[in-house]
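Numbering (our numbering), first residue to last: 1 to 259.
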């Protein structure tokens, strides 16, 4: 074999190998650059919040009315309690509350002498009879009007309990119907905040990095402007005491920022 042909046969594989090495270096550099760019982009993001509030009206009212009678003769105490119950039912009927909106609870009888741990608490009347009549209605305005006339029961000699859980509770049950639109609007508000931030920083908003739709809260519409740093209501006003409610949600969205 001629010498020139031998040299040529040796140079061709070496050239091919050189080209392959060069292509490998180019490809490796491109991949490394892409990874570095992706890493740098991952560090560039903005976290924004989107707040949405709705003022809604309660769609149900629950009103437990508890009354007690006490004495040393159980039959007479029970008779007084029954008279109180009839007076309460009459009062509800006069306010336009239907019988199917009323639930009569179980009678509770306390015999203080039967309490072996009573000690000095056994002083006073021996028997205490307690009953609760509860109204549940979707006509919240009717119940609100009736609640303003509770003094009529007091004038009739009925001692209405005022402990925990007493009074009218107003409830809003339509939250699920509001959620889709409120989440959409909260996300839109978050995007608008991200766009403003990006414009001020000379960037553009990219894809969503992470998102949290937030927790829905229902508070009294009369709670005022006392809010926490995340937009949550910090007022002590009970949401159950108000017919009008404030529904709010704060969505948190992280967006990538690109040049």
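Positions of the beta carbon are idealized from the N, C-alpha and C atoms, including for glycine.
The continuous beta strand (DSSP E) containing residue 57 extends over residues 45 to 57.
Between residue 135 and residue 97, the C-beta spacing is below 8 Å. Annotated three-state conformation of residue 112 is helix, per DSSP. Only exposed fits residue 74, as fewer than 16 other CB atoms lie within 10 angstroms of its CB. Spatial neighbours of residue 158 in its own chain (CB-CB distance under 8 Å, excluding positions within 5 residues in sequence) are listed in chain order as 67, 84, 87 and 88. Secondary structure note for residue 254: its beta strand (DSSP E) is the uninterrupted segment 244 to 258. Ranked by how close their Cα comes to the Cα of residue 81, the residues 61, 173 and 106 have 106 in first place.
Contact between the segment 237 to 248 and the segment 189 to 197 is absent: fewer than 3 CB-CB pairs across the two stretches fall below 8 Å.
Residue 55 counts as exposed, since fewer than 16 other beta carbons sit within 10 angstroms of its beta carbon.
With 16 or more other CB atoms across the displayed protein chains lying within 10 angstroms of its CB, residue 132 is buried. In summary, residue 238 is exposed, with fewer than 16 beta-carbon neighbours lying within 10 Å of its beta-carbon over all protein chains present.
Close CB contacts of residue 111 within its chain, under the 7 Å cut and outside five residues either way in sequence, are with 126 and 127 (chain order). Straight through space, the alpha carbons of residue 251 and residue 139 are spaced by roughly 33 Å. Taking residue 69 as reference, the option from 79, 220 and 93 with the minimal CA-CA separation is 79. Around the beta-carbon of residue 259, fewer than 16 other beta-carbon atoms lie within 10 Å, marking it exposed. Close CB contacts of residue 185 within its chain, under the 6 Å cut and outside five residues either way in sequence, are with 52 (chain order). Put simply, of 93, 101, 100 and 124 the residue whose alpha carbon is nearest the alpha carbon of residue 71 is 124. Under the three-state reduction of DSSP output, residue 201 falls in the helix class.
Between the alpha carbons of residue 144 and residue 168 lies a distance of about 8 Å.
With 16 or more other CB atoms across the displayed protein chains lying within 10 angstroms of its CB, residue 58 is buried.
Straight-line spacing of the CA atoms in residue 203 and residue 214 works out to 27 Å. With respect to residue 95, residue 149 sits close: the two C-beta atoms are nearer than 8 Å. Per DSSP, reduced to three states, the secondary structure at residue 147 is helical. Residue 67 sits in a strand when the DSSP states are folded into three classes. For residue 238, no alpha helix (DSSP H) run applies, since DSSP gives it neither H nor E.
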